[in-house]
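Q:
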Amino acid sequence: RVSVSSSKSFQRDYPYGAFAASVLGFCNGDGEGFYGLEKSYNDTLAGVNGRTITLRNAYGNAIADANATTYAAKDGSNLVLSLDVNVQEVVERYLNEAIYANTVENRGAAIVMNVKTGAILAMASKPDFDPNAPLDFSENLAYLNEQVNAEPEIYTIYKKDANGNYLRDEQGKKIPEEDPDYTGTYRDIQWKNKTITELYYPGSVFKVITAAMGVDSGKATYYTTFNCSGAYGVAKETYHCAGKKAHGVQNLAEALRNSCNIYFIQLGQRLGSSAFYDYFDAFGFTERTGVDLPNETGMMKYYTKSQLGEVELSSSSFGQAMAVTPLQVCTAISAAVNGGYLVTPHVVDKITDQNGNVVEEIGANVRRQVISKSASETIRQIMEYEVGDGTTTGGGSNAYVAGYRIGGKSGTAERTDRHLRGDGDYYKMMSFAAVLPIDDPEIEVFVLLDDPRWVKDYASQVVAPVGGNIISEIAPYLGIEQDADYNPTGTVTVQTCLDYTWTNAQVTLNRLGLKHKLIGPSSGNIVYQYPVGGSVVPAGSTIYLYTATDQNSMTTTPDVVGKTGTFAEQMLNAANLNVQFAGDSSGKVVAQDVEAGTSAAYGTIITLTMDSGEDTTNDAPTVTEEIDPANEEG
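Per this note's numbering, the very first residue in the sequence shown carries number 383; after that it's consecutive.
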């Protein structure tokens, strides 16, 4: 006798794998949303099962009943996200590179957001996981073990008795497990969306907000000056700037570029505790952002109005005394530059049914106006001064990308609330926020590296370049308009990047208006580049940088004769080749100086000769000769 049975199972596939994983989330074995959008929109996505209600007899058999009621199944709806696949890919690539090149101990995070609508174009926490196999830690096992071992005070698992009490040795110390199971720890580290579930200390990025408070309240203008003598006493505390520098007399823009703690302490004192807290609250730091994702923490740490004494106000004014989420900082910076409006961030753009009809459209949701438009304009000016125009150094200049007007601010916060690291230094949280185009902002790029262990010690050196590199790729893709005064045209002389780190090489090329691609690991110095330093190339060309070999990578030159200039350029760029036009690029290609099918080094400049677009017919009179059909040959 054979018995046959069946069981129902669910499988949710994620074709992109570990891509935007902490945002998308995943489903459990029963097909229910368990994390990310899958969880927060579970009811929307799942639909409703159909069912029939009938009467049954004592034996469980249906009784013929004309009144049986059937409810048809209802398909779930679809989510159309504001996330842009191409922007997300760029963000994840540069974030991964930065994490491994700078030995970041506690992951990194990045956000690209429309400052006017709150639509999130990219959101990443790295390293992350593959939602097709969320309990597979193999890809990140080395990183996870390193993190656990680096912070034993947080992650050590101790023995407990049957009642859950810790077992202790003769000295009263808890006893570690000999063979601990870190599955739960690994899971929490991999799954968390760092932008909303973890708190971070913003440090000097918050100076943008303090500046906005000062300008909007009338306590400061662009030209308001304070003196920095290198040390400043408040009650029993003495404050210094980084490196104990004495900046002298500075206005607001200069103080932001110098990241002067002492200037912003004095500005905070002029504001006073009551006004400072009211603005802090208005900028959204005392509440969740309301983003349409689950698990956003509401456990922010900050001083309430009654707790803001002299010392607390001083520390808060330069971002060292509060722990908030990266997304809170991102939305607050957006409000500071977009005319003063605090918007609700979102990753779902609209909800559609199975036929593509729009069920619900998610637009901009303005929570409130925090500062005036005129105050916002001043903040844009001082943030642009921070990044500069490519001729300046210091501040956020490492985020400059030729052709674009960018405003920004870096922040390095020391975790004074924690014991020192094993190397005797403080745990550091480094972030950078960039906005462009700063005269009429469209997007903000925010990057956080949590505890990088690198020789460089400031976010302006470590994180600002990551923001600039992201901008260098997504700004052209998004069609963000370049400013003619900042946009290099014609030709550019390539600067040599030999012996530079990958990050420094990118900064150098961004300033020249040149693109860049890495061949080899991001952790090594540049050993070869093509085109080489000193070459004269068209503005916007791509320089290929090698860290593991001094041999050119080669490609096959495609045939672009007869193609339009735009399409030919796309074909050659896709083959890792640069383009120079001889003639109007809007015409068609009549010749190329490197023969099709020829092997060429990555970065080789292919000169395309274009037609003039004019009628080339002979201008001489045309003579028509009549032919007698009887005499016509053939």
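For glycine and all other residues, C-beta sits at the position ideal for the given N, C-alpha and C.
In or out: ASN522 buried (at least 16 other Cβ within 10 Å) or exposed?
A: Under this definition ASN522 is a buried residue.
Q: Report buried or exposed for ARG762, applying the criterion of at least 16 other Cβ atoms within 10 angstroms of its Cβ.
A: buried
Q: According to the Cβ coordinates, are PRO870 and LEU891 closer than 8 Å?
A: no
Q: What did DSSP end up calling ASP395 once you bin it into helix, strand or coil?
A: Coil.
Q: Any idea what DSSP makes of ALA480, helix, strand or coil?
A: The answer is helix: DSSP assigns ALA480 an H, G or I state.
Q: Which runs of the alpha helix (DSSP H), 4 residues or longer, sit entirely within the segment 835–922?
A: 841–844, 846–860 and 884–894
Q: Could you check if PHE949 is buried or exposed, using at least 16 other CB atoms within 10 Å of its CB as the buried criterion?
A: exposed
Q: Please classify LEU517 as buried or exposed, where buried requires at least 16 other C-beta atoms within 10 Å of its C-beta.
A: The residue in question, LEU517, is exposed, as its Cβ has fewer than 16 Cβ neighbours within 10 Å.
Q: Tell me whether MET681 is buried or exposed, calling it buried when 16 or more other Cβ atoms sit within 10 Å of its Cβ.
A: exposed
Q: Taking the beta carbon of THR713 as the centre, do at least 16 other beta carbons fall within 10 Å, making it buried, or is it exposed?
A: buried
Q: For GLN843 and THR794, I'd like the C-alpha separation in whole angstroms.
A: In a straight line, the C-alpha of GLN843 is about 10 Å away from that of THR794.
Q: Judging by CA-CA distance, which residue of GLU977, SER756 and SER699 is the nearest neighbour of TYR583?
A: In this structure, SER699 is the residue among GLU977, SER756 and SER699 with its C-alpha nearest to the C-alpha of TYR583.
Q: Decide yes or no for the touch test of the segment 899–918 against the segment 776–791: beta carbon pairs closer than 8 Å, at least 3 of them.
A: no
Q: Determine the extent of the alpha helix (DSSP H) in which SER331 is found, giving its start and end residues.
A: The structure shown has nothing for residue 331, since the chain only spans 383 to 1016.
Q: If contact is defined by three or more beta carbon pairs under 8 Å, each pair taking one atom from either stretch, is the segment 629–637 in contact with the segment 603–614?
A: yes
Q: ILE733: which of PRO847, THR878, ASN460 and ASP395 sits nearest, CA to CA?
A: ASN460
Q: Going by the C-beta, is LEU959 closer than 7 Å to any heavy atom of the ligand MN?
A: Absent from the structure shown: the ligand MN. Ligands present: none.
Q: May I have the straight-line CA-CA distance separating ARG428 from SER756, to the nearest angstrom?
A: Note that residue 428 is Ala in the sequence shown, not Arg. In a straight line, the C-alpha of ALA428 is about 47 Å away from that of SER756.
Q: According to DSSP, is PRO534 part of a helix, a strand, or is it coil?
A: helix
Q: Please return the same chain residues whose Cβ sits closer than 8 Å to the Cβ of LEU675, not counting the five positions on each side in sequence.
A: VAL405, GLY418, LEU419, SER422, ASN575, ILE578 and VAL729
Q: Rounding to the nearest angstrom, what Cα-Cα distance links PHE658 and TYR621 in this structure?
A: 19 Å
Q: Helix, strand or coil: which one does DSSP assign to PHE401?
A: coil
Q: Hey, quick one: how far does the beta strand (DSSP E) through ILE493 stretch, first residue to last?
A: For ILE493, the enclosing beta strand (DSSP E) begins and ends at 490–496.
Q: With C-beta atoms as the reference, is GLY490 less than 8 Å away from LEU831?
A: Yes. Within cutoff.
Q: Between ALA703 and the rest of its own chain, which residues show a CB-CB distance below 7 Å, the 5 nearest in sequence each way excluded?
A: Contacts found: TYR685, GLU694 and SER697.
Q: Taking 8 Å as the cut-off, decide whether the C-beta atoms of GLU590 and MET812 are in contact.
A: The sequence given here has Val at residue 590, not Glu. Not closer than 8 Å, so no.
Q: Using C-beta distances below 7 Å, list every residue in its chain close to ASN478, excluding the 5 sequence neighbours before and after it, in chain order.
A: LYS508
Q: Output the distance between the C-alpha atoms of GLU1014 and LYS970, rounded to the nearest integer angstrom.
A: Caution applies to GLU1014, whose pLDDT of 40 falls short of 50 and renders its modelled position unreliable; the model cannot decide the point.
Q: Between GLY1016 and the rest of its own chain, which residues show a CB-CB distance below 6 Å, the 5 nearest in sequence each way excluded?
A: The pLDDT assigned to GLY1016 is 39, lower than 50, so where the model puts this residue is not dependable; a value taken from the coordinates is nonetheless given after this. There are no such residues.
Q: Within the same chain, show all residues whose beta-carbon is closer than 7 Å to that of THR946, passing over the 5 residues directly before and after it, in chain order.
A: LYS970
Q: Check for me: the alpha helix (DSSP H) holding GLY596 runs from which residue to which?
A: 589–599
Q: Verify whether the separation of the beta carbon atoms of SER923 and ASN958 is less than 8 Å.
A: no
Q: Of the residues GLY785, LEU653 and THR607, which one's Cα is nearest the Cα of LYS601?
A: It is LEU653.
Q: To the nearest angstrom, how far is it from the Cα of TYR604 to the Cα of VAL597?
A: 8 Å
Q: Using CA coordinates, which residue listed in ASP561, PRO558, GLY615 and LEU638 is at the minimum distance from GLY585?
A: LEU638
Q: Taking the C-alpha atoms as reference points, what is the distance between GLY944 and MET953?
A: 13 Å
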